[in-house]
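One structure below.
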Amino acid sequence: MNIGFVANESKKKLIQNFCIAYRAILAKHELFATGTTGRLIEEVTNLTVHKYLAGTLGGEQQMGAQIENNDIDLVIFMRDPSQASGMTDVHTLVRLCDNHNIPLATNLATAELLIKALDRGDLDWREFYK
1 MNIGFVANES KKKLIQNFCI AYRAILAKHE LFATGTTGRL IEEVTNLTVH
51 KYLAGTLGGE QQMGAQIENN DIDLVIFMRD PSQASGMTDV HTLVRLCDNH
101 NIPLATNLAT AELLIKALDR GDLDWREFYK
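Numbering (UniProt numbering), first residue to last: 1 to 130.
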């Protein structure tokens with residue numbers, strides 16, 4: 001599956017730790033991320049991440065286009081709900097995931113549930129749905 005990662009600035013360390021913890025699962029999939037987030041994930045996991053532009057430079061819009069093309073199967077967006085800037089992009093990503101039936105995690109607890117479900121094969125049916 002193709003997994004997309006986005007993280008607000010205050011959540012970058014959290015997404016790095018998440019990817020370290022679930023490296024073995026993530027290694028079985030294609031990873032995509034906004035620029036800085038992707039670079040940080042690569043640095044701590046040695047996994048290959050296909051990187052878009054930085055989120056502030058249009059990376060979230062690039063990921064949105066991939067979602068619209070059904071090229072992303074799952075999105076993990078570690079967002080800071082207290083951060084007001086970029087809220088339009090947050091709503092756009094959520095809307096796109098809803099419109100295209102893409103599982104979306106916006107916090108650590110949901111991200112862990114989705115990754116564990118992915119590892120168990122609970123999301124395999126999505127491949128047939130495409």
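No residue lacks a Cβ here, since even glycine has one placed at the ideal position from N, Cα and C. Keep in mind it's a predicted model, so treat the numbers as computed, not measured.
Quiz item: At which residue ranges does the UniProt domain "MGS-like" (1 to 130) contain complete beta strand (DSSP E) runs of 3 or more residues, listed in the order of the chain?
Solution: Counting whole runs of 3 or more residues, the UniProt domain "MGS-like" (1 to 130) contains the beta strand (DSSP E) stretches 2 to 7, 30 to 33, 49 to 51 and 74 to 78.
Self-check item: Selection from Asn-70, Glu-30 and Glu-112 that minimises the alpha carbon distance to Phe-77
Solution: The shortest Cα separation from Phe-77 among Asn-70, Glu-30 and Glu-112 belongs to Glu-112.
Quiz item: Straight-line CA distance for Gly-64 to Val-49?
Solution: Roughly 17 Å between the two C-alpha positions.
Quiz item: So residue 131 packs on Asn-70, CB below 8 Å; how close in whole Å?
Solution: Nothing about residue 131 can be read from this structure; the chain reaches only from 1 to 130.
Quiz item: Which same chain residues, not among the five before or five after Leu-14, have their C-beta less than 8 Å away from its C-beta?
Solution: Counting only residues of its own chain and dropping the five nearest sequence neighbours on each side, Leu-14 has a CB closer than 8 Å to the CB of Ala-7, Met-78 and Leu-108.
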